[in-house]
Structures are given as structure tokens and as C-alpha cells.
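S.K.: This structure is in C-alpha cells; I'll ask about it shortly.
Chains as they are written, first to last, in this note's numbering: chain C, 1 to 111; chain H, 112 to 228.
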């Protein structure tokens, strides 16, 4: 069974204090790993898709990386508006496009 | 990416009743999905809504409890039947326009926050 574990559950940073969120996964053949951002009362907002180990993608202050067992979401010099829950999900090959999600990391960036 | 309109945004319902949630997409999409997000839990796939045929349900979810319709490529409904307080949750519609658009990810609606009393 596919599993996704995110750590830490919650993270508090000061504005400008860089850090990383972790997503560990086990899947029977990875088709894609997805990062989403979710604000309170809203649906998840797509950030990145990663397909294979060694792949990296960047968007503004965010950079996602992928290995065979885990993915990291690096946040460089975060701002208060980066505060949100960050979700990681995997899609296995042959899974009929089912996404398996982790529980998320609640990020709070203080000014 | 696709734009999803999900209704209602929230509702408070009596136990034993049913609620139908609507998901309208601004363009034709190949795949539509329904997820549940319970407090402190992961987003969990309920079923894949198939156009013109019965939905494909995940383990632990059954058609009698969560009947789904998908009459065309832009619209789907999820009904939560015979509700109990345990059904209190956020229900989310999600779409993937085409398989080739995995780079753009799955798009999610804003969710329906259901409280059963």
C-alpha cells in the first residue's frame, strides 16, 4: 500500500529564516510526486510535479527536490504570506490516477 | 488550469438526511475525483467519477453511502446519504484535464464543509 509521511507536522519560522519540509514515501512504482499548498477554507493549490530522482523544480521562494525515497520542499527567506499547510502526494503507476496524500506540514512564518 | 465551482461551500445537516454536492468545471476534463478531508487526517480519495458509467470507489467507500453522478465532461455530483456525525468533513472535487497535463497537477475545488448534527 502506498504511504506518504510528512514532517514536521508543524513548523514556525521567522521571516527570512530558511528551512525545509520533508515528504517520505513508499510506492510501488512512482508516476509522480506532487506538492500542494492549502490555505484555511480553501482547496489545495498546485505547486510542483516531480517525476524522477534527481529532479528539481523552483517557483519564487520554493524549491522541490526528489530522491528515490523522499522529497524536500525548501523555503528560502520565507515571508508571512508563505504561511499555509503544505501537502505532499504520490501517484503510483497503474493506480488509475489516485493520489495518496500525507497529512501535511502547517507552516507559520512570523514577521 | 481548469476552474472549479463547488457548491455548497458549507452546510449543517440533520443526521439521517442526505446532501448533494455539485462540482462544475469551466472546461471539459477527462478525469474527475471526489476526496474527503477529515480533521487531522490526510486527504482521502472516495471515488473516481466516470462519465456515462458507474463511479470507481476506493476501499472503505460504497455506492449506497456516496452515490456519484457524472452526466458529462464538465459536471459531477457527490451525495452523502443517511448522514451521521462521523460524516462531518470537508469534501473536495478534483479534476485532471488530460493525462498529458500531469505537469500542471490536479486542480481542486474550494471544498464543501459539512457538519452533521
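In this text, a Cβ means the ideal position worked out from N, Cα and C, and glycines have one as well.
Could you tell me if residue 152 of chain H is buried or exposed, where buried requires 16 or more neighbouring beta carbons within 10 angstroms of its beta carbon?
M.R.: On the second chain, position 41 is the one that residue 152 of chain H refers to. Label assigned to residue 152 of chain H: exposed.
S.K.: Measure the C-alpha to C-alpha separation of residue 67 of chain C and residue 86 of chain C and round it to an integer number of angstroms.
M.R.: By one-based count along the first chain, residue 67 of chain C stands at place 67. By one-based count along the first chain, residue 86 of chain C stands at place 86. Spanning the two alpha carbons is a distance of roughly 18 Å.
S.K.: How about residue 62 of chain C and residue 83 of chain C: do their beta carbons lie closer than 8 Å?
M.R.: For the purposes of this step, residue 62 of chain C is taken as the residue at position 62 of the first chain. For the purposes of this step, residue 83 of chain C is taken as the residue at position 83 of the first chain. Not closer than 8 Å, so no.
S.K.: Ignoring anything shorter than 3 residues or poking outside the region 114-152 of chain H, list the beta strand (DSSP E) runs there in chain order.
M.R.: 115-118, 121-124, 130-136, 142-148
S.K.: Looking at C-alpha atoms only, which residue of C/91, C/105, C/7 is the closest neighbour of residue 52 of chain C?
M.R.: By 1-based counting over the first chain, the position of residue 52 of chain C is 52. When each option's Cα is compared against that of residue 52 of chain C, the closest is C/91.
S.K.: Could you spell out where the beta strand (DSSP E) holding residue 182 of chain H opens and where it closes?
M.R.: Position 71 of the second chain holds residue 182 of chain H. Run containing residue 182 of chain H: 179-183, per the beta strand (DSSP E) assignment.
S.K.: Taking the straight line between their C-alpha atoms, what separation do you get for residue 215 of chain H and residue 192 of chain H?
M.R.: Stepping through the second chain from its first residue, residue 215 of chain H is reached at position 104. Stepping through the second chain from its first residue, residue 192 of chain H is reached at position 81. Going by the C-alpha atoms only, they are around 33 Å apart.
S.K.: Give a yes or no on whether the C-beta atoms belonging to residue 105 of chain C and residue 2 of chain C are separated by under 8 Å.
M.R.: For this step, residue 105 of chain C is matched to residue 105 along the first chain. For this step, residue 2 of chain C is matched to residue 2 along the first chain. No, Cβ-Cβ distance for residue 105 of chain C and residue 2 of chain C is not below 8 Å.
S.K.: Return the residue from the list H/205, H/185, H/228 that minimises the CA-CA distance to residue 138 of chain H.
M.R.: If you number the second chain from 1, residue 138 of chain H lands on position 27. Comparing Cα positions, the closest option is H/185.
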